[in-house]
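Visitor:
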Amino acid sequence: MNVHELPLILFTVLAQMSVGAFVALGVVQVVGRLRYGKAAVDEIADPSLYAIGPVLVLGLMASMLHLGNPFNALNTFRHLDSSWLSREIVFGIAFSGLGFLFAALQFLRWGSPALRQALAALTAVVGLGLVWVMSMVYASLPTVPAWNTWATPAQFFLTTFLLGALAVGAAFMGVIMWRRQGLARRFAWVERLAPVRWLLSLRRPEEPPPEAAAAGDAGRRELVEASLRWVATASILLLGVQLVVIVLQQRDLAADPGMPSASVAAYGTAWFVARLVLLVLGAGLLGLTLYRMVADHRSALLVATVATAAFATVLASEIIGRSLFYDSMARIGM
Amino acid sequence: MSDNLGFYLDQSVCTGCKACQIACKDKHDLPVGVTWRRVVEYTGGTWQQDGDTMVPNVFSYYTSIACNHCEDPICVAVCPTTAMHKREDGTVAVDPDKCVGCRYCEWACPYSAPQYNPELGHMTKCDLCADYRSEGKNPACVEACPSRALDWGPIDELRAKYGTVDAVEPLPDPSITRPHLVITPHRDAQPTGSGTGEIANPTEI
Ligand code: SF4
Ligand code: SF4
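First to last, the sequence lines map onto chains L and V.
Every number in our numbering is 10 more than the matching position in the first sequence, counting from 1.
Every number in our numbering is 157 more than the matching position in the second sequence, counting from 1.
(1) Under 8 Å between beta-carbons, which chain V residues line up against R88 (chain L)? List them in chain order, please.
(2) According to DSSP, which residues form a beta bridge with I356 (chain V)?
(3) Since G109 (chain L) and L68 (chain L) are thought to touch, with beta carbons under 8 Å apart, how far apart are those beta carbons, to the nearest angstrom?
(4) Taking C-beta to C-beta, are V215 (chain V) and G202 (chain V) nearer than 8 Å?
(5) Hey, out of L:S150, L:V178, L:E232 and L:Y277, whose CA is closest to I333 (chain V)'s CA?
(6) By how many angstroms is the C-alpha of P296 (chain V) removed from the C-alpha of A287 (chain V)?
(7) In or out: M27 (chain L) buried (at least 16 other Cβ within 10 Å) or exposed?
(8) Whether or not the region 179 to 189 of chain L and the region 253 to 270 of chain V are in contact is what I'm after, with contact meaning three or more pairs of Cβ atoms, one per stretch, closer than 8 Å; do they touch?
(9) In angstroms with no decimal places, state the Cα-to-Cα distance between G139 (chain L) and W94 (chain L).
(10) Less than 7 Å between C-beta atoms, sequence neighbours within five positions excluded: which residues of the same chain meet that for G247 (chain V)?
(11) L249 (chain L) to P267 (chain V), Cα distance in whole Å?
(12) Where DSSP assigns a beta bridge to V339 (chain V), which residues make up the other side?
(13) According to DSSP, which residues form a beta bridge with K243 (chain V)?
(14) I'd like to confirm something about M146 (chain L): is its beta-carbon nearer than 7 Å to some heavy atom of ligand 2, or not?
(15) Between T281 (chain V) and ligand 2, is the CB less than 7 Å from at least one heavy atom?
(16) Expressed to the nearest angstrom, what Euclidean distance is found between the alpha-carbon atoms of T192 (chain V) and A180 (chain V)?
(17) Can you find a CB in chain L that lies within less than 8 Å of the CB of V197 (chain V)?
(18) Does A222 (chain L) have its Cβ less than 8 Å from a Cβ in chain V?
(19) Would you say S269 (chain V) faces chain L, with C-beta separation under 8 Å as the test?
(20) Do the region 279 to 295 of chain L and the region 151 to 164 of chain L meet, that is, are 3 or more Cβ pairs less than 8 Å apart?
(21) Answer with buried or exposed for A181 (chain L), where buried requires no fewer than 16 other C-beta atoms within 10 angstroms of its C-beta.
(22) With hydrogens ignored, establish whether the beta-carbon of C227 (chain V) is closer than 7 Å to any heavy atom of ligand 2.
(23) Ignore the nearest five residues each way along the sequence and tell me which others in R214 (chain L)'s own chain have a CB closer than 7 Å to its CB.
(24) Since G78 (chain L) and G258 (chain V) are thought to touch, with beta carbons under 8 Å apart, how far apart are those beta carbons, to the nearest angstrom?
(25) If you draw a straight line from the C-alpha of Y172 (chain L) to the C-alpha of I103 (chain L), how long is it?
(26) Go ahead and pull the three-state DSSP assignment for A222 (chain L).
(27) Check whether the Cβ of T243 (chain L) lies closer than 7 Å to any heavy atom of ligand 2, and answer yes or no.
(28) Measuring alpha carbon to alpha carbon, tell me which residue in L:D337, L:A175 and L:A49 is nearest Q1 (chain L).
(29) Looking at chain V, is there any beta carbon in it that lies within less than 8 Å of the beta carbon of G107 (chain L)?
(30) Give me the Cα-Cα distance between S269 (chain V) and R194 (chain V), rounded to the nearest whole angstrom.
(31) Taking C-beta pairs closer than 8 Å, name the residues in chain L that H337 (chain V) reaches, listed in chain order.
(32) At the 8 Å Cβ level, is P270 (chain L) part of the contact set with chain V, yes or no?
(33) Chain V partners of M344 (chain L), CB-CB under 8 Å?
(34) Quick check: is any heavy atom of ligand 2 less than 7 Å from the C-beta of A270 (chain V)?
(35) Please name the residue or residues paired with Q165 (chain L) in a DSSP beta bridge.
(36) DSSP state of W204 (chain V), grouped into three classes?
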């Protein structure tokens, strides 16, 4: 494992996961709303949306650790016309800013639903832009052949969608379990804290009167089950694509006579095997298990455990994979 | 950029003694691990049949490189802060008041010229001894070389005097950054991209 680049490993993986989760939530919103109604979807999706915030903040903080002199960080906007790193920082800030704005409006129920939806769409587009720009920071370097390939953006986007989908699956089950355990009641004191009370007082009442009751437990359950089936299917499909990309990338790496031997050597390690095993285990086997369990209407606790395990396993695989990506950094020349 | 300064190296007389490297380190008070001028040893060889015997056919030569103050400096292009910049005289320098120490230039430069100084928290590199030059003196490395293998000056003058070779192993394809560098190649010098040898002292550069 590349401990040296840990800040960048965490930053890139967590930021990509945030973008992926935001996009996945958007898909659930758009598709789920038609069948299950807005209130039912909001009830499950909103807490998951708020969970992205801390993850993203963690990632952004990690990225600052990478800098030798963070006090000069404002200078990083100066070279937008030439440096992909400048662009990465602008997109990173834009995505977090828009994401927080959207989460706040959604929480307070400010602005019309159409406005919020437009903001969410914009945030998702900027987020996908962030993943692209992030990949170009590496893929655009002609002096690092292991990075200077189509496989870099491909891998970054696969990380985004795979982790995003699985994170949403785990978060939905988290929300369900939270309700099951009656934790909301046990943490009721939080709502009595002054700042929280103040925030809640700013909240506008639901415009169409709450139809949550109409959706009911059955509706909510159906929605979560449909989402999890979708998550499991996506993770199995993305695993297939991921494996093809990995094979092609390794083939190109081995075939290029100008490739520094250190880049090839980085992937000839037990870590690479571990990454592949965890990937197949998490996205493939656990994904399949998740699908079966949901189809068989198994207990929520069981489904929650499998969903979380699939997410954690793939997260571990992606972190190792990103670490290998940094290990494979070797320049041409001297 | 009237001057377009650069370096010249006579590979055929460089003995790999590293006097230039040490003179640079001393002049700029560089800490351990920060080496603005580096001497790389490129080594390789094959077997050759001579009658009934196989005889070794080996080569080894040295290349002393600081920063080439390139025409298309990739370090400047990738730097997010514009701390890495090209100056009037054609040299490429770091502005420590702007640098965030992201080390992106270090990833990008195929000559390992930008070097991070952890004590200062920012990037540092060869400035062709700007202070010495302003006093009319030669850069420390050029002065120190016992073989008189180094020279410096406006790249057009260097090219007129010494030729235009800059593509020998282990240097990268010069079209990437268009280095202000002229080399008189060693008799065994391998053209860039031939991959016939390897860097024998990777930890020293
Ligand atoms: S040698 Fe490297 S650091 Fe120096 S100007 Fe060229 S690209 Fe920049
Ligand atoms: S380390 Fe400094 S000089 Fe190098 S790219 Fe980053 S900001 Fe620019």
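Where is the CB? At the ideal position from N, CA and C, for every residue including glycine.
Guide: Answer, in terms of the structure:
(1) The count along the first sequence starts at 1 and reaches residue 88 (chain L) at position 78. Within 8 Å Cβ-Cβ: P237, T238, T239 and K255.
(2) Within the second sequence, the letter at position 199 stands for residue 356 (chain V). The partner list for I356 (chain V) (beta bridge, DSSP) reads V:Y199.
(3) Against the first sequence, residue 109 (chain L) aligns to sequence position 99. Against the first sequence, residue 68 (chain L) aligns to sequence position 58. G109 (chain L) to L68 (chain L), Cβ: 14 Å. No contact.
(4) Here residue 215 (chain V) refers to the residue found at position 58 of the second sequence. Here residue 202 (chain V) refers to the residue found at position 45 of the second sequence. The answer is yes: Cβ separation under 8 Å.
(5) What you label residue 333 (chain V) is simply residue 176 of the second sequence in a count that begins at 1. The shortest C-alpha separation from I333 (chain V) is found at L:S150.
(6) Position 130 of the second sequence, counted from the start, is the residue given in the question as residue 287 (chain V). Position 139 of the second sequence, counted from the start, is the residue given in the question as residue 296 (chain V). Cα to Cα, A287 (chain V) sits roughly 8 Å from P296 (chain V).
(7) The count along the first sequence starts at 1 and reaches residue 27 (chain L) at position 17. It is buried - the Cβ of M27 (chain L) has at least 16 other Cβ atoms within 10 Å.
(8) no
(9) Here residue 139 (chain L) refers to the residue found at position 129 when the first sequence is read from its first residue. Here residue 94 (chain L) refers to the residue found at position 84 when the first sequence is read from its first residue. Cα-Cα distance, rounded: 12 Å.
(10) Taking the second sequence and counting its residues from 1, the one referred to as residue 247 (chain V) is at position 90. Here the set comprises M158, D160, N161, L162, H226 and H337.
(11) Looking up residue 249 (chain L) in the first sequence gives position 239. Looking up residue 267 (chain V) in the second sequence gives position 110. In a straight line, the C-alpha of L249 (chain L) is about 35 Å away from that of P267 (chain V).
(12) Translated into positions along the second sequence, residue 339 (chain V) becomes position 182. Answer by DSSP bridge pairing, in chain order: V:Y165.
(13) Position 86 of the second sequence, counted from the first residue, corresponds to residue 243 (chain V). DSSP lists V:V249 as partners of K243 (chain V).
(14) By one-based count along the first sequence, residue 146 (chain L) stands at place 136. For ligand 2, not one heavy atom lies less than 7 Å from the Cβ of M146 (chain L).
(15) Position 124 of the second sequence, counted from the start, is the residue given in the question as residue 281 (chain V). Every heavy atom of ligand 2 is 7 Å or more from the Cβ of T281 (chain V), so no.
(16) For the purposes of this step, residue 192 (chain V) is taken as the residue at position 35 of the second sequence. For the purposes of this step, residue 180 (chain V) is taken as the residue at position 23 of the second sequence. Straight-line Cα distance between these residues: approximately 11 Å.
(17) As a first step, residue 197 (chain V) is located in the second sequence; it is residue number 40 there, counting from the start. Yes - at least one Cβ of chain L is within 8 Å of the one on V197 (chain V).
(18) Position 212 of the first sequence, counting from 1, holds the residue named residue 222 (chain L). At A222 (chain L) the pLDDT is 48, less than 50, meaning the model places this residue with poor confidence; the figure from the coordinates comes in the next sentence. So, not an interface residue.
(19) In the second sequence, residue 269 (chain V) corresponds to position 112, counting from 1. So, interface residue.
(20) no
(21) The count along the first sequence starts at 1 and reaches residue 181 (chain L) at position 171. The residue in question, A181 (chain L), is buried, as its Cβ has 16 or more Cβ neighbours within 10 Å.
(22) In the second sequence, residue 227 (chain V) corresponds to position 70, counting from 1. No.
(23) In the first sequence, residue 214 (chain L) corresponds to position 204, counting from 1. Contacts found: L118, R119 and W120.
(24) Reading the first sequence from its first residue, position 68 is the one you call residue 78 (chain L). Reading the second sequence from its first residue, position 101 is the one you call residue 258 (chain V). Confirmed, Cβ separation roughly 2 Å.
(25) Taking the first residue of the first sequence as position 1, residue 172 (chain L) is located at position 162. Taking the first residue of the first sequence as position 1, residue 103 (chain L) is located at position 93. Checking the sequence, you will find Leu at residue 172 (chain L) rather than Tyr. Cα to Cα, L172 (chain L) sits roughly 23 Å from I103 (chain L).
(26) Locating residue 222 (chain L) in the first sequence gives position 212, counting from the first residue. Unreliable positioning characterises A222 (chain L) in this predicted model, as indicated by a pLDDT of 48, which lies under 50. A coordinate reading is not provided.
(27) As a position in the first sequence, residue 243 (chain L) is number 233, starting the count at 1. Checking every heavy atom of ligand 2 against the Cβ of T243 (chain L), none is found closer than 7 Å.
(28) A question about residue 1 (chain L) goes unanswered here, because the residues of chain L that appear run from 11 up to 344.
(29) As a working mapping, residue 107 (chain L) is identified with position 97 in the first sequence. With 8 Å as the cut-off, G107 (chain L) does not count as an interface residue toward chain V.
(30) Mapped onto the second sequence, residue 269 (chain V) falls at position 112. Mapped onto the second sequence, residue 194 (chain V) falls at position 37. When rounded, the distance between both Cα atoms is 9 Å.
(31) Here residue 337 (chain V) refers to the residue found at position 180 of the second sequence. None at all; the shortest Cβ gap to chain L is about 16 Å.
(32) The residue labelled residue 270 (chain L) in the question sits at position 260 within the first sequence. No, no contact with chain V.
(33) Taking the first sequence and counting its residues from 1, the one referred to as residue 344 (chain L) is at position 334. The answer, in chain order, is R195, V197, T220, I222, P267, Y268, S269, P327, L328, P329, I356 and I362.
(34) Taking the first residue of the second sequence as position 1, residue 270 (chain V) is located at position 113. Not so, every heavy atom of ligand 2 lies at least 7 Å from the Cβ.
(35) Numbered from its first residue, the first sequence carries residue 165 (chain L) at position 155. Partner(s): none; Q165 (chain L) has no beta bridge.
(36) Taking the first residue of the second sequence as 1, we reach residue 204 (chain V) at position 47. Strand.
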